[in-house]
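Per numbering that gives the first Met the number 0: the sequence shown = residues 0 to 361.
This report refers to the structure that appears directly beneath it.
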Amino acid sequence: MFISVQDAIKQGSGAVKVRGWVYRERKSKEIAFIVLRDSSNIVQCVVKKANVSGKEWADAEKVLIESSVEIEGEIKEDKRAPTGYEIAVNKINVIHFAEVFPINKDQSPEFLADNRHLWLRSRKMTAILKIRSTVFGAIHEYFRGKGFYEYQSPIFQAVQCEGGSTLFSVNYFGKPVFLAQTWQLYAEPAIFALEKIYCIAPSFRAEKSKTSRHLTEYWHAEMEMAWASFADIQGYAEGVMKHALKKVLENNMEELKILGRDAEKLKPAAEKPFPRITYTDALKILKEKNKMDVEWGKDLRTIEEDELVKNFDTPVIVTHYPKIVKAFYMKEDAENPEVVLGCDILAPEGYGEIIGGSEREP
């Protein structure tokens with residue numbers, strides 16, 4: 000019976016049968032080293048000419064990166080191997096011989112985008128996809144655990160919410176409709192039936208800015224809730240982030256290692272309360288600690304958000320923004336009508352706002 004590469008490594012010794020794709024290969028006259036990958040891990044396989052049939056050796060000599068193979072052999076610990084284990088091959092069956100793999104170590108982003116179907120097979124992309132899967136699952140788990148219902152809205156929408164300049168217009172049988180920017184206008188009526196709802200769905204923005212912060216398509220986690228206070232909103236926003244981070248730290252340490260991410264730097268955000276500061280306090284911090292003088296009433300720019308979060312070891316929740324820089328539907332603060340009961344969670348390393356929320360005007 001075939002087992003995964005990771006299960007073979009866990010087994011540590013004895014006979015194993017694995018299958019996957021050639022990740023790396025190098026050969027000499029009498030021996031071939033094949034690093035085999037599947038979705039779980041990689042393992043080095045050693046094919047010796049003397050230990051396999053003539054056909055199998057000829058096939059082993061011909062395999063290139065991304066060839067599909069089945070391997071039987073004895074696994075043992077070997078510190079020199081990429082993952083610390085090696086399989087001495089006694090049988091190899093090539094399912095498919097791949098052509099020359101076009102991607103090497105130094106390729107431009109444009110080339111990788113053009114060959115995305117192949118780049119997905121890289122260890123880096125596989126690690127990203129696994130972490131993404133963990134995050135999506137954690138969001139579902141968190142909200143369902145808090146009594147929320149999953150609620151979907153149409154992707155084709157006849158109304159606009161975030162602004163006309165970033166809408167993708169579609170001809171819908173002679174009528175103009177738009178690709179969804181948000182589910183908000185569909186979610187607000189639904190809370191009168193379900194009270195607590197959430198979704199994870201694609202959002203589309205006709206962004207013309209080519210920056211690390213602007214995407215034409217992305218996946219959007221949103222929640223709406225009846226009877227919620229401003230404190231409730233902040234609590235749920237922080238809670239879902241912490242839950243997702245904890246799940247990644249529990250399940251994806253190997254993937255973080257592949258991506259070169261220091262897990263220790265993520266732990267404070269998963270364990271410590273996020274600081275809550277007002278917009279006015281944020282301006283004071285920027286002036287005193289970062290020597291940046293921002294006029295009250297101006298929205299925080301990318302550079303100012305980046306500098307602000309450098310003063311913390313977790314994401315920071317900035318609240319009570321000036322009404323003039325926020326959406327019309329955000330509720331005024333009864334104690335100060337110039338600001339709204341809205342917040343942004345700002346993340347470090349240039350990511351900036353990753354969650355925004357507010358109470359709504361009745």
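Ideal Cβ positions, reconstructed from N, Cα and C, are used throughout, including at glycine.
With distances taken between CB atoms, is the gap from residue i to residue j smaller than 8 Å?
i: Gly11; j: Cys44; result: no
i: Pro321; j: Gly296; result: yes
i: Val15; j: Ile94; result: no
i: Tyr22; j: Ile41; result: yes
i: Ser67; j: Trp118; result: no
i: Val169; j: Val176; result: yes
i: Thr82; j: Ile130; result: no
i: Leu244; j: Ala268; result: yes
i: Tyr150; j: Ala112; result: no
i: Ile70; j: Arg18; result: yes
i: Ile102; j: Asn92; result: no
Counting only the same chain and skipping the five closest in sequence on each side, list residues whose C-beta sits under 6 Å from that of residue i.
i: Met364; result: Shown here, the chain extends from 0 to 361; a query on residue 364 therefore has no answer.
i: Lys195; result: Gly146, Phe147 and Met224
i: Tyr185; result: Ser152
i: Trp182; result: Ser152, Cys198 and Glu221
i: Ala97; result: Leu63, Glu65 and Ser66
i: Asn335; result: none
i: Pro347; result: Val308
i: Asp298; result: Val324
i: Leu258; result: Ala126
Taking buried to mean at least 16 other C-beta atoms within 10 Å of its own C-beta, is residue i buried or exposed?
i: Asn314; result: One point to set straight first is that residue 314 is Pro, not Asn, in the sequence displayed. Counting Cβ neighbours within 10 Å, Pro314 comes out buried, since at least 16 surround it.
i: Arg54; result: According to the sequence displayed, residue 54 carries Lys and not Arg. Lys54 comes out exposed.
i: Met240; result: buried
i: Gly349; result: exposed
i: Val99; result: exposed
i: Val39; result: A quick correction: the sequence has Ser, not Val, at residue 39. Answer is buried; the Cβ neighbour count reaches 16.
i: Ala179; result: buried
i: Glu254; result: buried
i: Thr133; result: buried
i: Tyr217; result: exposed
i: Glu270; result: exposed
i: Lys288; result: exposed
i: Phe363; result: Because the chain in this structure spans residues 0 to 361, residue 363 falls outside the shown range and cannot be described.
i: Lys325; result: buried
i: Glu237; result: buried
i: Ala137; result: buried
i: Ala80; result: buried
Looking at C-alpha atoms only, which residue of the options is the closest neighbour of residue i?
i: Asp37; options: Val4, Lys48 and Ser27; result: Val4
i: Thr279; options: His319, Met124, Ala49 and Ala157; result: His319
i: Asn50; options: Arg23, Ile86, Ser39 and Phe273; result: Ile86
i: Tyr197; options: Phe177, Tyr217, Asp261 and Met222; result: Met222
i: Lys309; options: Glu263, Val247, Leu285 and Asp298; result: Leu285
i: Lys174; options: Lys61, Phe155 and Asn335; result: Phe155
i: His139; options: Ala157, His219, Glu98 and Phe100; result: His219
i: Arg300; options: Glu287, Lys288, Phe311 and Leu282; result: Leu282
i: Trp56; options: Glu334, Asn89, Asp305 and Ala236; result: Asn89
i: Arg122; options: Val293, Val34, Glu263 and Ser211; result: Val34
i: Phe142; options: Val293, Glu334 and His242; result: His242
i: Asn250; options: Ile127, Gly238, Asn335 and Gly234; result: Ile127
i: Arg260; options: Lys271, Val247 and Pro272; result: Val247
i: Glu29; options: Ala112, Ala227 and Ala59; result: Ala59
i: Gly234; options: Pro272, Arg212, Leu265 and Ser211; result: Pro272
i: Ser211; options: Val293, Asn103, Ile353 and Thr125; result: Ile353
i: Ile331; options: Lys48, Pro361 and Gly355; result: One detail in the question is off: residue 331 reads as Glu in this sequence, not Ile. Measuring from the Cα of Glu331, the nearest candidate turns out to be Pro361.
i: Gly13; options: Ser52, Arg79, Tyr84 and Val46; result: Tyr84
i: Lys256; options: Lys207, Ala326, Met124 and Arg359; result: Met124
i: Phe327; options: Asn92, Cys160 and Glu237; result: Cys160
i: Phe229; options: Gly144, Arg359, Glu109 and Phe172; result: Arg359
Apart from the five residues on each side of it in sequence, which residues of its chain come closer than 8 Å, Cβ to Cβ, to residue i?
i: Arg25; result: Ala31 and Phe32
i: Glu263; result: none
i: Thr187; result: A small fix is needed here, since residue 187 is Glu in this sequence, not Thr. Hits under 8 Å: Glu223 and Arg359.
i: Tyr171; result: Phe155
i: Met252; result: Ala262
Spatial neighbours of residue i within its chain, please: C-beta separation below 7 Å, excluding the five flanking residues on both sides.
i: Phe135; result: Ile199
i: Ala205; result: Thr165, Leu166, Phe167 and Thr215
i: Phe311; result: Pro274
i: Ile323; result: Gly296
i: Met291; result: Leu285, Glu303 and Glu306
i: Val317; result: Ile276, Tyr278, Ala281, Cys342, Asp343 and Leu345
i: Glu337; result: Pro321 and Lys322
i: Met381; result: This structure gives no information on residue 381, because the portion of the chain shown stretches from 0 to 361.
Does any residue of chain C have a CB that is nearer than 8 Å to the CB of residue i?
i: Val293; result: Protein chain content of the structure displayed is limited to a single chain, and chain C is not contained in it.
Is residue i near the ligand NAD, judged by its Cβ being under 7 Å from some heavy atom?
i: Gly351; result: As far as ligands go, the structure on display features none, and thus does not contain the ligand NAD.
Handout entry: In chain order, each alpha helix (DSSP H) run of at least 4 residues that lies wholly inside the stretch 52-81
Key = 53-61
Problem - beta strand (DSSP E) segments (min. 3 residues) lying fully within the stretch 138-173 - result: 168-171
Exercise for the section: Taking only runs that begin and end inside the stretch 221-270, name each unbroken alpha helix (DSSP H) of 4 or more residues, in chain order. Expected result: 229-250, 252-257 and 262-270
Problem - Continuous beta strand (DSSP E) assignments of at least 3 residues falling wholly in the stretch 288-342 - result: 315-318 and 335-339
Problem - Segments of 4+ residues assigned as alpha helix (DSSP H) that fall wholly inside the stretch 71-132 - result: 108-113 and 115-118
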